[in-house]
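Structure first, commentary second.
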């Protein structure tokens, strides 16, 4: 390959120019490699922390205009997030899929803690079924003291270490397993709700940051009470004959029949009970009068009880395509028509993850801007190089080199320089990342601590980042060599006949 | 008389420098025979290089016809012109034009490297041929040197070897001795003559040096873009004027040939 040989020899001969271009390329690869590795480390750390500890891969939330974090923070709204009305259908849909590993419904909100009359502080709470929760996040929860709640337990709370420390500091009473504490929340419909719960244990989240480590777990029914959802603590509701008939036959519009006799009024939520139960879910005979007549003064409504949940967390199977799952789930949600929101872990994680993703976008944008400048510099240096070799290229053309030979020669030169500069840049980047990994980058403040997923970020060496950096620079180099190549192939052989 | 290998008929070449038209040559008609050792003589600006460019297929005429090795150059596209140059024409440049990054051997071999090996050729045969040429120009012991390490005369010898490596029918040499001292120039000319005789290759060289001109056996004199004299030196060193139409008898030359005796 004479083109390759000429290209290589030219690189060696024109050392200064090659060095300038090589330095630009090598530095570019170094910056891209290290920068992307840092961002990859942050995002993969955040991803691991959230997906394996708090949000799962995807989540469905109740109807909301804006995305909602798993802590219940909704942009543009301070109201409690509504429950997922048809959660059972989501569960059925997801359980039938091959790419779903597990699902977990939870509730979430902000609660005040107190002992006796005294309010001692507030924090985020998850209302969960503790067995399901531990199964869904098997590695993220450690019991520091006390014991795991049992199914038969009275209302319980597992205090997070920071919450426990807060209560302990603020109260004269020693907080320990068995201590009764008061939880208070401002529910949407029910105003202020107060519940007494028993401390079952102190827990620690293995992967957390300052915000997440403070999450307290409470039994789902207590959380429902606190959020203003109907709790099904006592099982199926016991309804009187009157109430049962009200749920089935009673048409509230009939109350106003006399008043608006000539008007048809359509009410929102028609056909759904206030308990979140649809009439179809109630196992009441078609002719209720016949059955009710045989019953006592109260009637047990045998219903498929679907408790209220605000979030349905989803873990995808390893290696499955979560984007496709998200798309399918969005389509399914749209089909259901409740306005539920389907979102990925980034939305569920909130501003920390969004910031990391934004940093990546800003970095990529910055790289793109710098790339344009670098391409211009490289292009100029290459054009100068081609112009200095007019005579040589003209001679090649005169003695029989076709245009493609000249084109290959320039492209080989560019590629060789990318390979060499790339190798140097990657090796230097690798060494730098190794040093950073050993020394660690200390987070300067809480925000960075959240971003780093701890006080110190130890960047991982990302093969993907190395590959991306290399291909970025290769692409830049090829773009930069486009115009000089064009100039070179247009050199006419007659140029060789002119003197130096 | 041998076959005509180059034919120019009523050739004109006009260069456009911004808005100014410069007529480099006009109404040039000539014929060159295979195996000739031809000198194109004339002062600077007389059109010598323009004629070499047209014969060498590195430029096209504004009007008229150029036929090289049986092919009308104006009918050929860039690739076919390149192919014609590659296969049929060797170049020797005034400034040697060796590729600085290649050593002497590679420079000589370069035109061959632009092709793959042909079916009936082995690498060993090719290398033997290259070695033979380098030996022929007396540079066997400098084979691995870079052009910058050679003298002007040595570089021109390399250029001669490179021009011959494809076994072309024609070798064009544009003022091959202009950058050399007279002794070296003479040795280069002798070498070209030797190659001309050894391989039967047509050599066409331009020069403004009268001593060099006389070494040729076919002399074309130019002045202001037209041929003023075109004659062949016979074995007895008498001259036959070849191109009657364009000939303006120069005075003081050794041309004493028979007018109108077309070759």
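Chains as they are written, first to last, in the numbering used here: chain A, 1382 to 1881; chain B, 39 to 301. For glycine and all other residues, C-beta sits at the position ideal for the given N, C-alpha and C.
Curious, which full-length alpha helix (DSSP H) runs of at least 4 residues does the stretch 61–104 of chain B contain? Taking only runs of at least 4 residues, the alpha helix (DSSP H) segments lying wholly in the stretch 61–104 of chain B are 86–93.
Hey, residue 142/B and residue 183/B are a contact pair by Cβ (cut 8 angstroms); roughly how many whole angstroms apart? The count along the second chain starts at 1 and reaches residue 142/B at position 104. The count along the second chain starts at 1 and reaches residue 183/B at position 145. In this structure residue 142/B touches residue 183/B by the C-beta definition: roughly 6 angstroms separates them, less than 8 angstroms.
List the residues of chain A that residue 140/B touches, going by C-beta distances under 7 angstroms, in chain order. To locate residue 140/B, count along the second chain from 1; it is residue 102. 1390, listed in chain order.
Among residues of its own chain, excluding the 5 on either side of residue 303/B, which ones have a beta-carbon nearer than 8 angstroms to its beta-carbon? This structure cannot speak to residue 303/B, because chain B is shown only from 39 to 301.
Chain-ordered neighbours of residue 107/B on chain A, where CB pairs are closer than 7 angstroms: Translated into positions along the second chain, residue 107/B becomes position 69. Against chain A, the beta carbon of residue 107/B has no neighbour under 7 angstroms; the closest one sits roughly 14 angstroms away.
Scan the stretch 1719–1743 of chain A and note each continuous alpha helix (DSSP H) run of 4 residues or more that stays entirely inside, going in chain order. Listed in chain order, the complete alpha helix (DSSP H) runs (minimum 4 residues) inside the stretch 1719–1743 of chain A are 1726–1730.
Spatial neighbours of residue 1657/A within its chain, please: CB distance less than 6 angstroms, with the 5 preceding and 5 following residues excluded, ordered by chain position. Along the first chain, one-based indexing puts residue 1657/A at 276. Reliability of the predicted coordinates at residue 1657/A is poor, the pLDDT of 44 falling under 50, and no value is obtained from them.
For residue 1768/A, does the three-state DSSP call read helix, strand or coil? Your numbering for residue 1768/A matches position 387 in the first chain. Under the three-state reduction of DSSP, residue 1768/A is assigned to helix.
Chain A residues whose Cβ lies nearer than 9 angstroms to that of residue 124/B: Taking the second chain and counting its residues from 1, one reaches residue 124/B at position 86. Within chain A, the residues near residue 124/B are 1780, 1781, 1782 and 1783.
Extent of the continuous beta strand (DSSP E) run through residue 1491/A: Sequence index remark: in the first chain, residue 1491/A carries index 110 (1-based). Per DSSP, residue 1491/A is one residue of the beta strand (DSSP E) stretching across 1481–1496.
Taking the alpha-carbon of residue 1484/A as reference, which of 1476/A, 1702/A and 1386/A has the nearest alpha-carbon? Taking the first residue of the first chain as position 1, residue 1484/A is located at position 103. The candidate whose alpha carbon is nearest that of residue 1484/A is 1476/A.
Which chain A residues sit within Cβ distance under 8 angstroms of residue 212/B? The residue given as residue 212/B occupies position 174 in the second chain. Within chain A, the residues near residue 212/B are 1878.
Using 8 angstroms for Cβ pairs, my map puts residue 1418/A next to residue 1841/A. What's the rounded Cβ distance? For the purposes of this step, residue 1418/A is identified with residue 37 of the first chain, where counting begins at 1. For the purposes of this step, residue 1841/A is identified with residue 460 of the first chain, where counting begins at 1. Under the criterion of beta carbons closer than 8 angstroms, residue 1418/A and residue 1841/A qualify as touching, at roughly 7 angstroms.
Does residue 131/B have its Cβ less than 8 angstroms from a Cβ in chain A? For the purposes of this step, residue 131/B is taken as the residue at position 93 of the second chain. For residue 131/B, the answer is yes, since a Cβ of chain A falls inside 8 angstroms of its Cβ.
Backbone CA spacing between residue 1422/A and residue 1755/A [nearest angstrom]: What you label residue 1422/A is simply residue 41 of the first chain in a count that begins at 1. What you label residue 1755/A is simply residue 374 of the first chain in a count that begins at 1. Approximately 27 angstroms, taken between the alpha carbons.
Opposing strand residues paired with residue 1585/A [DSSP bridges]: Taking the first residue of the first chain as position 1, residue 1585/A is located at position 204. Residue 1585/A pairs with 1523/A.
Secondary structure of residue 1691/A, DSSP reduced to three states: For this step, residue 1691/A is matched to residue 310 along the first chain. When DSSP states are grouped into helix, strand and coil, residue 1691/A belongs to the coil group.
Could you give the distance in angstroms between the alpha-carbon of residue 262/B and the alpha-carbon of residue 223/B? Residue numbering aside, residue 262/B sits at position 224 when the second chain is read from its first letter. Residue numbering aside, residue 223/B sits at position 185 when the second chain is read from its first letter. Each residue's alpha carbon lies about 26 angstroms from the other.
Can you tell me where the beta strand (DSSP E) holding residue 128/B begins and where it ends? Start at 1 with the first residue of the second chain, and residue 128/B comes out as number 90. Boundaries of the beta strand (DSSP E) harbouring residue 128/B: 127–130, taken from the DSSP string.
Straight-line Cα distance separating residue 1392/A from residue 91/B: For the purposes of this step, residue 91/B is identified with residue 53 of the second chain, where counting begins at 1. For the purposes of this step, residue 1392/A is identified with residue 11 of the first chain, where counting begins at 1. Their backbone Cα atoms lie some 31 angstroms apart in a straight line.
May I ask you to report which of helix, strand or coil DSSP gives residue 175/B? On the second chain, position 137 is the one that residue 175/B refers to. In the structure shown, residue 175/B adopts coil according to DSSP, grouped into three states.
Measure the C-alpha to C-alpha separation of residue 191/B and residue 1790/A and round it to an integer number of angstroms. Position 153 of the second chain, counted from the first residue, corresponds to residue 191/B. Position 409 of the first chain, counted from the first residue, corresponds to residue 1790/A. Per the coordinates, the alpha-carbon of residue 191/B lies some 29 angstroms from the alpha-carbon of residue 1790/A.
For chain B, is any of its Cβ atoms less than 8 angstroms away from the one on residue 1874/A? Start at 1 with the first residue of the first chain, and residue 1874/A comes out as number 493. At least one CB atom of chain B sits nearer than 8 angstroms to the CB of residue 1874/A.
Based on the DSSP secondary-structure assignment, which residues constitute the bridge partners of residue 47/B? Position 9 of the second chain, counted from the start, is the residue given in the question as residue 47/B. Its beta-bridge partners are 103/B.
Determine whether the Cβ of residue 145/B lies closer than 8 angstroms to any Cβ atom of chain A. Reading the second chain from its first residue, position 107 is the one you call residue 145/B. Not one chain A Cβ lies under 8 angstroms of residue 145/B.
Does residue 1793/A pass the burial test, meaning 16 or more other C-beta atoms within 10 Å, or should it be called exposed? Residue 1793/A sits at position 412 when you count from the first residue of the first chain. Taking all protein chains in view, the Cβ of residue 1793/A is crowded by 16 or more other Cβ atoms within 10 Å, so the residue is classified as buried.
Roughly how many angstroms separate the alpha carbons of residue 1428/A and residue 1695/A, rounded to a whole number? Numbered from 1 along the first chain, position 47 holds the residue referred to as residue 1428/A. Numbered from 1 along the first chain, position 314 holds the residue referred to as residue 1695/A. Taking the straight line from one Cα to the other gives about 14 angstroms.
Report back the beta-carbon spacing between residue 136/B and residue 1383/A to the nearest angstrom; my notes put them in contact at under 8 angstroms. Reading the second chain from its first residue, position 98 is the one you call residue 136/B. Reading the first chain from its first residue, position 2 is the one you call residue 1383/A. Contact flag wrong, Cβ pair sits at about 15 angstroms.
Counting only the same chain and skipping the five closest in sequence on each side, list residues whose C-beta sits under 6 angstroms from that of residue 1496/A. Counting from one through the first chain, the residue named residue 1496/A turns up at place 115. Contacts found: 1552, 1554 and 1562.
Among residues of its own chain, excluding the 5 on either side of residue 111/B, which ones have a beta-carbon nearer than 7 angstroms to its beta-carbon? On the second chain, position 73 is the one that residue 111/B refers to. Non-local beta-carbon contacts of residue 111/B in its own chain, meaning distances under 7 angstroms to residues more than five positions away in sequence, involve 95, 98, 104 and 119 in chain order.
For residue 1506/A, write down the residues that DSSP places opposite it in a beta bridge. Along the first chain, one-based indexing puts residue 1506/A at 125. 1490/A and 1597/A, per the DSSP bridge assignment.
Cβ closer than 7 angstroms: which chain A residues qualify as neighbours of residue 151/B? Locating residue 151/B in the second chain gives position 113, counting from the first residue. Residues of chain A passing the Cβ test: 1383.
What span of residues does the beta strand (DSSP E) with residue 257/B cover, start to end? Within the second chain, the letter at position 219 stands for residue 257/B. For residue 257/B, the enclosing beta strand (DSSP E) stretches over residues 256–261.
Taking only beta-carbon positions, decide if residue 148/B is within less than 8 angstroms of chain A. Start at 1 with the first residue of the second chain, and residue 148/B comes out as number 110. Taking Cβ atoms only, chain A reaches closer than 8 angstroms to residue 148/B, which makes this a yes.
Interface residues of chain A around residue 215/B at Cβ under 7 angstroms? As a first step, residue 215/B is located in the second chain; it is residue number 177 there, counting from the start. The premise fails here: residue 215/B is roughly 14 angstroms from chain A at the closest Cβ pair, so nothing lies under 7 angstroms.
Using a C-beta cutoff of 8 angstroms, does residue 1870/A count as contacting chain B? Locating residue 1870/A in the first chain gives position 489, where the first residue counts as 1. Output row for residue 1870/A: interface = no.
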